[in-house]
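Undergrad:
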Amino acid sequence: MTFTAIDFETATAFHPCSVGIVTVENGVIVDEYVTLIKPPRNEYNSFTIAVHGIYPRDTVNAKSFAQVFPEIQKRLQNRIIVAHNESFDRNVLAKSMALYGLDYESLNIGSRWECTVKIYKAKGLKPTKLSDCCREMRIELNHHEALSDARACAKLYLMR
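Positions in the sequence shown are counted from 1; adding 228 to them yields this note's numbering.
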């Protein structure tokens, strides 16, 4: 069981304001990475702030996506990627890369990732929000904190 779990929190649309990445080697978490990301023009909408509690004041001095991308790239490249509702996180990554002229294909991670929503839905769990899955599987979660979400996703994938 070797893979990488990822979670983005967004400021607006697909513009990330935080990323959490958990690296698993042979079923053991061996690396965790989290950082705030300054979205374009440091703009947020009130809905996303209400979800994750990250404000423009928190990211005013943070690095841009392009500046943190080398850390993201080294953790994702040539790996199996897992996310909870993978299409959301995959689109955040792909669209952010495109915005900065970065080639998604160079990551060699495929057009579809492993998805813990789909896995737990297939197991009959309803609803399949991350918080519901974690409660059912007794996984600690500080929901909408990127590293906690990525860590929980990794644990869900390991328990599948």
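Here a beta-carbon is modelled for each residue, glycine too, at the ideal position from N, C-alpha and C. The structure presented is a predicted model; accordingly, all values stated were derived computationally and were not measured.
Which same chain residues end up closer than 6 Å to CYS245 when comparing Cβ atoms and leaving out the 5 residues on each side of it in sequence?
TA: For the purposes of this step, residue 245 is taken as residue 17 along the sequence shown, with counting starting at 1. Excluding residues within five positions, the ones whose Cβ falls inside 6 Å are GLU237, ALA239, ILE265, PRO267, ILE282, THR287.
Undergrad: Going by DSSP, what residue range makes up the beta strand (DSSP E) through ALA311?
TA: Your numbering for residue 311 matches position 83 in the sequence shown. ALA311 -> beta strand (DSSP E) spans 309 to 311.
Undergrad: Answer with buried or exposed for LYS302, where buried requires no fewer than 16 other C-beta atoms within 10 angstroms of its C-beta.
TA: Taking the sequence shown and counting its residues from 1, the one referred to as residue 302 is at position 74. Exposed: under 16 other Cβ atoms inside 10 Å.
Undergrad: Could you say which of ARG340, HIS243, ILE257 lies nearest to ILE249 if we only look at CA atoms?
TA: Taking the first residue of the sequence shown as position 1, residue 249 is located at position 21. Of ARG340, HIS243, ILE257, the residue nearest in Cα terms is ILE257.
Undergrad: In this structure, how does DSSP classify PHE231 when only helix, strand and coil are distinguished?
TA: Counting from 1 along the sequence shown, the entry for residue 231 is found at position 3. Here PHE231 sits in strand by DSSP.
Undergrad: For GLU253, does the three-state DSSP call read helix, strand or coil?
TA: Here residue 253 corresponds to residue number 25 of the sequence shown, with the count starting at 1. GLU253: strand per DSSP, three-state reduction.
Undergrad: Looking only at its own chain, which residues have a Cβ that is under 7 Å from the Cβ of LEU335, when we skip the five neighbours before and after it?
TA: Position 107 of the sequence shown, counted from the first residue, corresponds to residue 335. Taken in chain order, the residues that qualify are GLN301, LEU304, GLN305.
Undergrad: So what does MET262 bridge to, in DSSP terms?
TA: For the purposes of this step, residue 262 is taken as residue 34 along the sequence shown, with counting starting at 1. For clarity, residue 262 is Val in the given sequence; the question names Met instead. Answer is GLY248.
Undergrad: If we count the other Cβ atoms within 10 Å of its Cβ and call it buried at 16 or more, is GLU368 buried or exposed?
TA: Locating residue 368 in the sequence shown gives position 140, counting from the first residue. Classification of GLU368: exposed, given that the 10 Å Cβ count is below 16.
Undergrad: Cα separation between GLU260 and LEU375?
TA: As a position in the sequence shown, residue 260 is number 32, starting the count at 1. As a position in the sequence shown, residue 375 is number 147, starting the count at 1. Taking the straight line joining both Cα atoms gives about 7 Å.
Undergrad: Per the contact definition of three or more C-beta pairs closer than 8 Å, is the segment 322 to 329 in contact with the segment 344 to 358?
TA: Short answer: they don't touch.
Undergrad: So the alpha helix (DSSP H) ALA350 belongs to, where does it begin and stop?
TA: Counted from its first residue, the sequence shown places residue 350 at position 122. Here the alpha helix (DSSP H) through ALA350 covers 344 to 350.
Undergrad: How should ASP377 be labelled, buried or exposed, when 16 other C-beta atoms within 10 angstroms of its C-beta is the threshold for buried?
TA: The sequence position of residue 377 within the sequence shown is 149, counting from 1. With 16 or more Cβ atoms within 10 Å of its Cβ, ASP377 is classed as buried.
Undergrad: Quick one: measure Cβ to Cβ for CYS343 and GLU314, integer angstroms, because I've assumed they're closer than 8 Å.
TA: As a working note, residue 343 is residue 115 in the sequence shown. As a working note, residue 314 is residue 86 in the sequence shown. Confirmed, about 4 Å.
Undergrad: Anyone know if the C-beta pair for MET229 and LEU353 falls short of 7 Å?
TA: Stepping through the sequence shown from its first residue, residue 229 is reached at position 1. Stepping through the sequence shown from its first residue, residue 353 is reached at position 125. Not a contact, by the Cβ cut-off of 7 Å.
Undergrad: My parser needs the alpha helix (DSSP H) runs of 4 or more residues fully inside the segment 274 to 347; what are they?
TA: Counting whole runs of 4 or more residues, the segment 274 to 347 contains the alpha helix (DSSP H) stretches 274 to 280, 284 to 287, 293 to 304, 314 to 327.
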